[in-house]
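Notes for the one structure printed next.
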Amino acid sequence: MILLGIILLILGVIFSAGILWTIGIILIVVGAILWLLGSMDRAVLGRRHYW
């Protein structure tokens, strides 16, 4: 999810598309939160890992 967010962020900057930039930021933040919770051995929504 973080990688997809970075790709969308880069594409948003290259093509000057604000919606891609915004979605990229949101995916990076959500991916980082899920990654942090998963690294603390805390199950999120019934799943232990997200890969």
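In my numbering, the protein residues as written are 46 to 96.
Note that CB positions come from ideal geometry on N, CA and C, so glycine has one too.
Taking the C-beta atoms as reference points, L81 is found no nearer than 7 angstroms to M46. In the DSSP assignment, A77 falls within the alpha helix (DSSP H) that extends over G63 to S84. With respect to the 7 angstroms criterion, G69 and G57 are classified as neighbours on the basis of their beta carbons.
Non-local beta-carbon contacts of G76 in its own chain, meaning distances under 7 angstroms to residues more than five positions away in sequence, involve M46, I47 and G50 in chain order.
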